[in-house]
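Engineer: Below you will find the structure I want to go over with you.
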Amino acid sequence: MRRVFLISAVLASMLSGAAWAQAWSEYENRQEGWLMNFPGEPKVENRPYMTATGATATAKVHTVEIPSGIYRFTFVEFAGNPQDQTQTIAHAVNALRQKGRPRYDDAHDLDGVTGHQISVLEPDGRLMLGSVYFYNQRLYITEASVPPGAAPPQQFQQSITFLHPDGRRVNVRREAEEAAKQKGESK
């Protein structure tokens, strides 16, 4: 009897895990240069975004709120009003820091794209994982918050991928190496 219960529990766990995993979907926007996993269909809103210099830009905010967490991705295009990379990243990271007590807070790059990762313990005990990247005069901010005791939302934070307009994945280091190699071959 105990064995039947154990097998049933394992199967139920596997099926519920499979159902949960299937709820995550990949969303892509080649025009804005990104690909992300979301745990459901994101609600998209345009909101004002205050830059480090005090100027206002339009942010496109994608949000999914489910019982297991709040998942938010913010995209800001600065092509018409170029921003300083270091200042822009620092400003966005500071806004995430203000949400609670930072537990991890360090510079990070993703495929050579300059950025920052942070985890914050929010006042209500929720854990927020965030990342900020700046590439090609575009700001990308991920922010996921889960209740106390829930698994950290790393699948969301780490799913961001930067894309070229043709859908190829951006890899700044590899592209620089290839350009240098081609330059060396053309001499």
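Per our numbering, numbering through the sequence shown is continuous, rising by one, with the last residue being 191.
For every residue, glycine included, the Cβ atom is placed at its ideal position computed from N, Cα and C.
Within the continuous alpha helix (DSSP H) that includes A61, where are the two ends?
Structural biologist: Element bounds for A61: not the alpha helix (DSSP H) but the beta strand (DSSP E), 60 to 70.
Engineer: Thinking just about the alpha-carbon of each residue, which of N50, L125, Q186 is nearest to the one in R101?
Structural biologist: The option with the nearest alpha carbon to R101 is L125.
Engineer: Taking the DSSP output, what are the residues bridged to V80?
Structural biologist: Answer by DSSP bridge pairing, in chain order: A63, L143.
Engineer: Where does P52 land, buried or exposed, given buried means 16+ other C-beta within 10 angstroms?
Structural biologist: P52 comes out exposed.
Engineer: Can you tell me the Cβ-Cβ gap for F160 and A148, rounded? I've got them flagged as a contact below 8 Å.
Structural biologist: Right, their Cβ atoms sit about 4 Å apart.
Engineer: Kindly list the residues whose CB is nearer than 6 Å to the CB of E179, restricted to its own chain and excluding five residues on each side of it in sequence; keep chain order.
Structural biologist: No residues qualify anywhere along the chain.
Engineer: For R105, tell me which candidate among P156, V117, L131, H95 has the shortest Cα-Cα distance.
Structural biologist: Checking every option, the nearest Cα to that of R105 belongs to L131.
Engineer: Could you give the residue range of the alpha helix (DSSP H) that holds N98?
Structural biologist: From DSSP, the alpha helix (DSSP H) with N98 extends over 89 to 101.
Engineer: Which residue wins for smallest C-alpha separation from Y144, given the options D170, N175, A184, T92?
Structural biologist: For the residues D170, N175, A184, T92, the minimum Cα distance to Y144 belongs to T92.
Engineer: In this structure, how does DSSP classify R6 when only helix, strand and coil are distinguished?
Structural biologist: Legend: pLDDT at R6 = 43, less than 50; position of this residue unreliable, value from coordinates given subsequently. R6 falls in the helix class under three-state DSSP.
Engineer: Quick one: using the 10 Å Cβ neighbour count with 16 as the cut-off for buried, is T62 buried or exposed?
Structural biologist: The residue in question, T62, is exposed, as its Cβ has fewer than 16 Cβ neighbours within 10 Å.
Engineer: Using CA atoms only, rank isn't needed, just tell me which of S123, K47, Q162 is closest to D110.
Structural biologist: When only C-alpha atoms are compared, the closest one is S123.
Engineer: I'd like the list of long-range same chain contacts for G129, defined as Cβ closer than 7 Å, with 5 residues on each side in sequence excluded.
Structural biologist: Hits under 7 Å: P152.
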